[in-house]
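For reference, the structure discussed in these notes is given below.
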Amino acid sequence: MISILIPTYNNLDYLKLCLKSLEKNSSFKHEIIIHINDGSDGTLNFVKANNYKHTISDKNIGLCSSINKAARLVSKRYILYSHDDMYFCPNWDKVLLDEVKSFNHDDFYLSGTMIEPNSGHIVYNFGVDLDTFKEDELLSKYKNINFYDHQGTHFAPHLVSKKMWDKVGGFSEEFNPGIGSDPDFNMKLWKEGVRIFKGLNHFKVYHFGSLTTRKKKNLIQNRGDKTFLKKWGITTKFFKKHYLKSKTKYNGPLREPNITIGYILGLLSCKIQSIFLLY
Numbered sequence: 009m010i011s012i013l014i015p016t017y018n019n020l021d022y023l024k025l026c027l028k029s030l031e032k033n034s035s036f037k038h039e040i041i042i043h044i045n046d047g048s049d050g051t052l053n054f055v056k057a058n059n060y061k062h063t064i065s066d067k068n069i070g071l072c073s074s075i076n077k078a079a080r081l082v083s084k085r086y087i088l089y090s091h092d093d094m095y096f097c098p099n100w101d102k103v104l105l106d107e108v109k110s111f112n113h114d115d116f117y118l119s120g121t122m123i124e125p126n127s128g129h130i131v132y133n134f135g136v137d138l139d140t141f142k143e144d145e146l147l148s149k150y151k152n153i154n155f156y157d158h159q160g161t162h163f164a165p166h167l168v169s170k171k172m173w174d175k176v177g178g179f180s181e182e183f184n185p186g187i188g189s190d191p192d193f194n195m196k197l198w199k200e201g202v203r204i205f206k207g208l209n210h211f212k213v214y215h216f217g218s219l220t221t222r223k224k225k226n227l228i229q230n231r232g233d234k235t236f237l238k239k240w241g242i243t244t245k246f247f248k249k250h251y252l253k254s255k256t257k258y259n260g261p262l263r264e265p266n267i268t269i270g271y272i273l274g275l276l277s278c279k280i281q282s283i284f285l286l287y
């Protein structure tokens with residue numbers, strides 16, 4: 009069915025909860041591949057003891073490199089990338105695979121709807137950490153708190169075919185440790201002709217909110233916005249607005265951007281910003 013890639017960095021208790029949700033709430037059996045950064049908190053021993061497929065690095069090599077390394081072990085037709093602090097709600101995979109069956113091609117990028125305590129598609133506080141997590145309340149309410157099928161998704165968890173993953177070369181490692189990597193991945197898919205970027209309302213996950221990044225205050229973050237601008241000549245904001253039409257209601261495959269005054273002024277702004285990056 010699906011190969012699920014989960015990069016983790018000394019975040020064992022949240023990883024365990026993520027894996028528990030996949031075991032408890034999946035309709036089908038899937039391949040799980042974990043990339044362990046460091047693993048000195050016991051993650052490596054846990055993963056080995058439970059016979060999970062895994063890759064490892066002795067230090068944090070960044071999200072993009074972690075995912076690419078794990079992807080070398082993929083044996084299924086579809087690849088799903090998840091954070092290690094996500095809880096998958098029931099039947100998430102049935103929703104995804106039913107959507108996949110409606111296509112007769114691999115030119116798609118599908119993702120879920122995130123429920124988060126402070127942001128996300130749906131703002132609802134089921135707990136800000138493991139100690140305050142209200143699993144039973146989440147399971148009793150998640151069906152009745154809804155967003156909508158949305159356009160231009162660029163968030164994890166997301167699903168693509170292995171064929172398309174290989175075609176675009178996975179994640180671009182110049183975006184390590186990770187900021188900007190999702191829009192870049194979407195742009196590479198766009199260049200290959202993908203026009204279905206769809207977030208599914210009924211594929212829901214609870215996300216504690218990049219918890220590993222927040223708790224590791226010594227992590228150095230990249231300027232993914234500048235890297236994206238240098239690479240593609242436009243900003244991530246411009247790409248999401250004029251190409252992906254992010255967070256608008258899904259109404260079918262996307263088309264080339266409309267050349268409006270707003271588009272022209274936005275593009276001009278991107279070009280000016282590109283010039284300043286050279287100095």
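The numbering used here puts the first residue of the sequence shown at 9, with every later residue one more than the last. Backbone N, C-alpha and C fix where the C-beta goes; we use that ideal spot for every residue, glycine too.
Buried or exposed for residue 269, going by 16 or more other Cβ atoms inside 10 Å?
exposed
Look at the Cβ atom of residue 232, then the Cβ atom of residue 278, and state whether they are nearer than 9 angstroms.
no
With burial defined as no fewer than 16 other Cβ atoms inside 10 Å of the residue's Cβ, what is the status of residue 272: buried or exposed?
exposed
Is the distance from the Cβ of residue 142 to the Cβ of residue 155 below 9 angstroms?
no
For residue 103, does the three-state DSSP call read helix, strand or coil?
helix
Residue range of the unbroken alpha helix (DSSP H) whose run includes residue 191:
189-199
Identify whether residue 250 lies in helix, strand or coil by the three-state DSSP scheme.
helix
Enumerated in chain order, which unbroken segments of the alpha helix (DSSP H) with a length of 4 residues or greater are wholly contained in the region 58-114?
71-79, 100-109
Just verifying my parser: in three-state terms, what is the DSSP assignment at residue 172?
helix
Closest residue to residue 209 among 146, 190, 175, 150 (Cα-Cα distance):
150
Between residue 147 and residue 21, which are expected to be in contact by the criterion C-beta below 8 angstroms, what is the C-beta distance as a whole number of angstroms?
Rounded, the Cβ-Cβ distance is 19 angstroms, inconsistent with contact.
Distance check for residue 263 and residue 221, CA to CA, integer angstroms please.
Here the model assigns residue 221 a pLDDT of 46, short of 50, so the residue's position is not dependable, and the following value carries that caveat. Answer to the nearest angstrom: the Cα atoms are 35 angstroms apart.
Between which two residues does the alpha helix (DSSP H) harbouring residue 284 extend?
269-285
Within 9 angstroms, strictly: CB atoms of residue 212 and residue 123
yes
Quick check: the Cα distance between residue 27 and residue 95, rounded to an integer number of angstroms?
8 angstroms
In this structure, how does DSSP classify residue 256 when only helix, strand and coil are distinguished?
coil
Buried or exposed: which applies to residue 106, given that a residue is buried once 16 or more other Cβ atoms fall within 10 Å of its Cβ?
exposed
Same chain, Cβ closer than 6 angstroms to residue 261, neighbours up to 5 away in sequence not counted
203, 204
8 angstroms CB neighbourhood of residue 265 in its chain, flanking five on each side removed
250, 251, 271
Rounded Cβ spacing between residue 71 and residue 165 (contact assumed at less than 8 angstroms)
The Cβ separation is near 13 angstroms, so there is no contact.
Suppose the cutoff is 7 angstroms on Cβ atoms and the five residues either side in sequence are ignored; what does the same chain contact list for residue 73 look like?
181, 184
Return the Cβ separation of residue 41 and residue 12 in integer angstroms, given the expectation that the two are a contact with Cβ distance under 8 angstroms.
7 angstroms
Span of the beta strand (DSSP E) holding residue 208?
204-215
Residue 29 - containing alpha helix (DSSP H), residue span:
20-33
Note down, in chain order, each residue of its chain lying with its Cβ closer than 8 angstroms to the Cβ of residue 101, except the 5 sequence neighbours on either side.
9, 10, 34, 35, 36, 38
Given a cut-off of 9 angstroms on the beta-carbon distance, is the pair residue 162 and residue 127 in contact?
no
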